[in-house]
Structure formats: C-alpha cells, structure tokens
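In what follows, a structure is listed as structure tokens, so that the remarks can point back to it.
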DNA sequence: AATGAATGAGCCTTCATTCAT
DNA sequence: GATGAATGAAGGCTCATTCAT
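Protein chains in written order, with my numbering: chain A, 21 to 234; chain B, 21 to 234; chain C, 21 to 234; chain D, 21 to 234.
Structural data, given as structure tokens:
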C-alpha cells in the first residue's frame, strides 16, 4: 500500500512548518537574522535541526520566509490603517506614519532587521519586494494626493522612497544612542512631528526659500 | 651596508598600511564589510595575512579604519560643499543633498555599508559618530533656517534625522532594483527632486491638507 | 520509526565523551599536554574536531578533565593504599611511597605532566587541588606520626611538601636519562630506598651530624 | 682583500651574543621560557630578530644556552658555598640547602623554569645535565658523609635525587597558592626546617618506627 | 654583517548541513 | 518522517624563521 498524504498528515506538516517560521521570527525579533542559528530555531519550535530541512531546503530559505511573513504582516496592518483613513490623501499619509511608527517602536529589532539587516541574496530580494510594496503604498497616497490637488506635482517613486526613508530612519534608525532614553520625547510627539515633516515634504505650497522680511 | 630604518622604509611602511586600507576599502565597496576576508584583503594589497597584523591589531581594527577613512572623506566633502553654499539655509540644504547624492550614487555598496551594514561593536561605534556628524550637519542647517525664518519651528533632532533618512534612502536605499537602470531618471533630476522634497519638508508654509477647490 | 533518544543513545554519547577523554589522555601520556592537538585527539577518538566541541566547550576544558580524571584516579589508588596500611604512621608512609612509586613508574610522562607540566590557568588550578590533596595526605600522615611520637615535632606543611618533592623527584624526575635503563636498580629496591629516606627524614631520633669516632 | 676577523670584530660579536643570552635570561626569569619571544629577546638585547639567527641557529639553541648559563651560575654559587663549608658532610649539606634556598627564593620564576618548565628536547637535555650536576653535588656529599660515618649507608644516586626533590619542591614548588604570603613562615625558618628534614633523611640513626611508649 | 618586515604553516573554534538510526 | 550527533570547511590569529635591502 502506497504511502498516502492524508489530510491529517498534511495538516500536521503545515503546523510544523508554521511553528518553525514562528520560532525563527521570535528569535530574529530578538537577535536579528544573523543571530538566528538553525539549531536554536528548531529547538524553539520543538523540532530538530534535521527536521527543519525537510520543510526548508535552506537556512536562507527559512529566513526568507520569516521575512516574507513578518513583512506581509506589517504591510497588512499598515495597509488596513491606510484604507480605513479614507480621504483625502493627507489623512492616509497620517495613518501611514502613525501605524508604521507604532509597529516600529513596538519591535525595534524586528523592524530594523526587516528594513536594514543584510542576510543573503534571497532575503535581500525579499526585502526589495517588501520595500517596493511599502513604496507602492506611498506612491498610491502621493499619486492620489496629487490628483486631489493636495500634494504638489512630483516624481512619485522618489517621493514615496524618501518618505519611507524619513519615517523609518526617524523611528528605527540607530542614529542616536539607545542608552539615554530618559528625557526622550514622547512617542506621540515624535509621531506628530514626523507626520508634519512628511505632510510638508509632499505639500503643494511652495516652500519659502528666502529669508523672511524683518 | 647595514640595514637602516630610513625615511624610505618608513614611507614604504606607510604605503603598505595605506595599501591595506585601500585594498580593504575596495573589497568592502564591492562585497560589504562582511565579505572582507583577512586573507583576501592582504592578497589584494599584495601582502600576506600575517603581515596585516603588524599594521593592525585586528580585523575589526582595520575595518574600523576603513570606515573612519571613508566616512571622514564623505563628511569632509559634504561639509565643504555646505560651507561653500553660504546663506540662506535653503541653499546649504540644497548643497547637502546635492553633494551627498553625488557621493552616494558614485559608490552605492560603500555608501550603504557606511550607513547601514552591521559589522562589529567597534565599527558600529564609529558609525554612530559618523551618523551623528551628519545629523549635526543637518541640525545646524535646520536651526539656522529656523532662526532665519526660512524653516518652520520644529523639533530639530528629528527633523535632521528624518532628513538624512529621506536623502539616504532615496539614494542608497535598495528600494529599486539595481539591475534595471535603463530608463532610470537622470541623477540631476533625482537630486533636484530630493532637494525639493527636503525643502518642503522643512518649510515654514503650512501644507495644504484639504482638497483644492475645483 | 522516529529517532528516539534512548538509553542506548545516551550511553553511546557517554562512550564518545569517554573515548575523547581517553584518547586525549593517551596522547597526553605520550606527548604531554602541550602536544595534545584538538584534531589529533578527535582523530584518535575516531571523531572529528567539530564533534569534540559538543562534548567539551573548550580544548582547555577537555584537558582539564583529562587532568582531573587521571589525578583523581591516582589519588584514589594512593589514598586507598594509605588507608589500608593502618597504624602506625610509618606504615602509612611506606604505603604512600610504594603506591605512588608504582603509579609513577608505570607512566612516567603522564605522571610528570600531572605533576609539573604547565598548561593553562584551568589545569593549573586543577593541579593545585591535586597537589594540595597529595600534600594533605602527607600532612595527615605526618601529623598522625607526630601525635604517635613516631615522628619528631616539625612544621607539617613543609615536611609534607618536601616529602612529596623527594618522592616525586626520585621517581618521575627527569634526572636520570630515560634511555639507559639497562643496569638500573630494580623498582623494588628503589621503593625501599625512598621509603627509608622518607622515614628517616621525618623520624624523631636526632641525626648524627658529627663524624663517628673511629 | 679578504675579510678578516680581527680581534675587535670578534670581540664585538661575542658581546652581541652575550647580550642576547643575557636579555633572554632576563625575560625567561620574568615570563618563563614559554614567554620568551624571539623578537622581544632581540629587542631587549638592542638587536634584531634576524641578527639573532647569525649567533644562534635556533630559538631553542638560544634558550638552551640561556639554560646552560643560568644553570652553570647556580651551580657555581652552590658549589662554592658547599666547598667553603668544609667538613663534616653535615655542614656541607647545610650549606647546600641554605645556598640553594637563597637562590631559589630570590628568583622563583627562573628557578622554577630551570627545574621544571618544559621547553624543548634540547633544553630538556640541558636540564638533565644540570640536574645531574646537582645530583652529583649531592652524591659527593652523601658519599663523603657515609665515609665519615655521619650518614647511613644508602643508595647514593637516589638519596641525592630525593634530596634535591625535597629541597626544590619545598622551595620552588607551586604547591600552595602564592597569593597568601601574609602569614607565611620566614625564609630563615623554612631553610632551617628543610635543613633538618634533609639531615634526618640521610642520617645514620635508625628512625623510630614504632609508637613511643607512653 | 645587520635589519625587521614579510611570510605562512598551524592552531582553535563555529555552525550550516547531512545521514544513520 | 523525525532525530540530533557528526561533519568539515572556513575563518581569524600567532610567531619562529627568512631574506631583500
């Protein structure tokens, strides 16, 4: 009698696979991709390293999936918030910033890993897609805003990119020492400031470039 | 004739050291810090791995020097351009963007490694200083602009950070596929767009957030 | 049938570990600690270098275990013999010498490595304990002997140390060429002589220091 | 005109050579043979590593010479003291112990290195000679003592060896932790105790091996 | 004959991947 | 299908020795 992949078998396999991805994600969220050892992932998933290789042909492959999943989730959340914001584009922009900020500040390491950490060609490709999706989100907003006359006419791809750069750097960037968080400004304040920054950046009104008259 | 530690000897040592740094930088510029193997660096410098250790106590130390050197150069160039731009702040901002852009587009991998690639504690510390210097540059410009009434009143540290994020992401970010550069917009155009983006972002005039009347 | 961490597995692991220790000990017994290369140890144990590291976190750790094991064994044997010798202290002393001698002459290099060869801080600490245990044994005997009036009153720590020095040097010391063992005195004779030497050294009767009258 | 080794040239060479040996000895006396790096020796001698190799074909060769020299010096001093002690053998023995003790406690590291530290086959051979010389000294004393009826009849080689073992272990042995030297007994006391130990060990009077009557 | 920078073999250690059970 | 011990390639670093100057 030939072996038959019953529904139960199949489901159990899927669960295992998912457990591995989840475990890996947890570790990545704590130590970054570089700190995600195959053995530890397997252990955290209640499985073995060897078993892992029957679900993924590669460590890279697994990490890529972790990336994909985490990124997809982020996107989902942000997209939902953006959709819910309705019109005009300014409100959508604000929702984008606010949601992105919430996610990023929640899990800084994961956010950073998703955005910046170099892993492998595979993940880099994945990241490209992720960023493009984000950029696409931004592009939609910008395009809509332009159409609505809210935003000035501009080269949309770049605007979206710069937008994401500004937001992510301001939030996840490792620019300032993490240590001294005592007198750091409140998140609410930061988000509002970033929102203003972005709103201005896209705005129609031409910026004042000359010194103000006294 | 006895061996003599002449000026020539000294110079050759300096050259060797410099050659190592240069070789390392070349490799970093191609494969990133992670891809810079000691043996390969030495070989590329026409030396042996062992020899490398008489110039640097460490691989990390060498990489840190590569970073320092490259970063210092970038800063120098950008600072000079900014200073030369004079008043008002808007012009300095434009100079910042233009120069940064020129450097970044020249060597994408290097720029990315300098800005983002995690290496070691040592280099990360170096990077912090580098980024802070950049941020400082930005802060100076923003502060000046606010004083001149050109820029709106805003939380300067964040503005500077977001600024750098926008610029670097737009330029070095791996958002767009590097492969397909056929119908990419001209650098000149990109730089102008980024400049506009930044100028608006900081500008005093409140952005229009409502739909324009038809 | 799923892989199962059975008692057999566990036993095999223990065996592997033991094999490594044994292999290491063999090599140490032949070439000393310094001559015990990780790769060679693993190979001698029928394993790979990498595998070694799942049983020991360190080369030093393994060597320390080799030391501990060998030393513990030596101590056990000697202690047992000493206990079995009963009273008075003189008999215990003789047992000490005899047993120590037997062990030492059996494996000269190992005995020497245990007693003298510098390895690492870890092993040195282990050795300290080993030597102190030996010294403690000696001190017990000397103290007892003094109490019994068999040995003269003396500074016990030094007596014990000197005792061990005399014995070990006479036996393991590299004083005489190892090569020419042809006309060497019998072990039995040596042991008896050392015993006499030690007995006298500790004895109560004051030594004659003046020339005997003719 | 052929190169001629003038007296001056020759003398200068000898001085260089001697300087190297001296420098090496200083370093060995501080860090042991293992801690004597070729480069550092050369530097300490005001020479270069390369130059060192025109005086010694080997690091081992140099270290062997260091050993030879230091050992010879020790021997010379001890021999002189022993000779000066005159008769009977008991006095010579005391002189041996006292002088040896003085030297050993003066430079513990050097003494230990000479007596115990493993270096190379070459040095080990040298050490053999050294120890044999010491043993010879001991043998002479013991033999004389036996002839004078001061010491009991015994197997001289072993007695001498055990003697040296007792002395050196008591003095240089790393048995007890070096750290706690606060309430350590005075050197004078130690030397006297060792002397007594040795005197008894060799003495004619048969030791009491039965418990003393109460 | 002197120099000291260059060499490179050799060491320990890590970790993704495989495969006998 | 599952397991996890075994593997072994690869990497950084040290230091005695050599050799162009």
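The beta carbon of each residue, even a glycine, is placed where N, CA and C say it ideally should be.
- According to the DSSP assignment, residue 133 of chain A belongs to the alpha helix (DSSP H) that extends over 128–135.
- Secondary structure within the stretch 64–134 of chain C: the alpha helix (DSSP H) runs of 4 or more consecutive residues, fully enclosed, are 69–75, 79–105, 109–126 (chain order).
- With respect to the C-alpha of residue 59 of chain D, the residue from D:69, D:65, D:52 having the closest C-alpha is D:69.
- Shown in chain order are the members of the stretch 178–191 of chain B whose Cβ falls below 8 Å from a Cβ of chain A: 178, 179, 181, 182, 183, 184, 185, 186, 187, 188, 189, 190.
- For residue 209 of chain B, the enclosing alpha helix (DSSP H) covers residues 207–222.
- Looking at the DSSP output, residue 171 of chain C bridges to C:223.
- Contact with chain D is found for residue 174 of chain C, since one of that chain's Cβ atoms lies less than 8 Å from the residue's Cβ.
- Two segments are said to touch when three or more pairs of C-beta atoms, one from each, lie closer than 8 Å; by this definition the stretch 165–180 of chain C does not touch the stretch 84–103 of chain C.
- Residue 113 of chain B sits away from residue 39 of chain B, with the two beta carbons spaced by 8 Å or more.
- Leaving aside the five residues that flank residue 36 of chain B on each side, the residues in its chain whose CB is nearer than 8 Å to its CB run, in chain order, 65, 67, 71, 75.
- Here the C-alpha atom of residue 208 of chain D lies approximately 13 Å from the C-alpha atom of residue 120 of chain D.
- Under the three-state reduction of DSSP, residue 139 of chain A is assigned to coil, being neither helix nor strand.
- The beta carbon of residue 46 of chain D sits closer than 8 Å to the beta carbons of 64 from its chain, once the five residues preceding and following it are set aside; these are given in chain order.
- With its beta carbon at least 8 Å from every one in chain A, residue 29 of chain B lies outside the interface.
- Chain C places a beta carbon closer than 8 Å to that of residue 213 of chain D, counting this residue as a contact.
- Between the alpha carbons of residue 53 of chain D and residue 147 of chain D lies a distance of about 13 Å.
- Residue nearest to residue 107 of chain D within the set D:186, D:182, D:164 is D:164 (criterion: CA-CA distance).
- When C-alpha distances from residue 42 of chain A are compared across A:62, A:55, A:31, A:32, the shortest belongs to A:62.
- Distance from the CA atom of residue 89 of chain D to the CA atom of residue 79 of chain D, rounded to whole angstroms, is 15 Å.
- Going by beta carbons, residue 115 of chain C and residue 105 of chain C fall inside the 8 Å limit.
- For residue 56 of chain D, no alpha helix (DSSP H) encloses it, and the DSSP letter there is neither H nor E.
- Cβ contact annotation for residue 99 of chain B (same chain, cutoff 8 Å, sequence separation greater than five): 157, in chain order.
- Within its own chain, no residue has a Cβ closer than 6 Å to the Cβ of residue 151 of chain D once the five positions on either side in sequence are excluded.
- Annotated as distal: residue 186 of chain C and residue 223 of chain D, with beta-carbon spacing of 8 Å or more.
- The beta carbon of residue 210 of chain D falls within 8 Å of a beta carbon belonging to chain C, placing the residue at that interface.
- In the DSSP annotation of this structure, the continuous segment of the alpha helix (DSSP H) that includes residue 27 of chain A starts and ends at 27–51.
- Taking C-beta atoms as the reference points, residue 136 of chain A and residue 179 of chain B fail to come closer than 8 Å.
- For residue 52 of chain C, the nearest beta carbon of chain D is closer than 8 Å to its own beta carbon.
- The alpha-carbon of residue 29 of chain A is positioned some 27 Å away from that of residue 92 of chain A.
- Here residue 97 of chain A has 119, 123 as same chain residues with Cβ atoms under 8 Å from its own Cβ, once five neighbours each way along the sequence are excluded.
- Within chain A, the residues 186, 217, 218, 220, 221 have their CB atoms less than 8 Å from the CB of residue 221 of chain B, given in chain order.
- At a beta-carbon threshold of 8 Å, the residues of chain A lying near residue 137 of chain B are 138, ordered along the chain.
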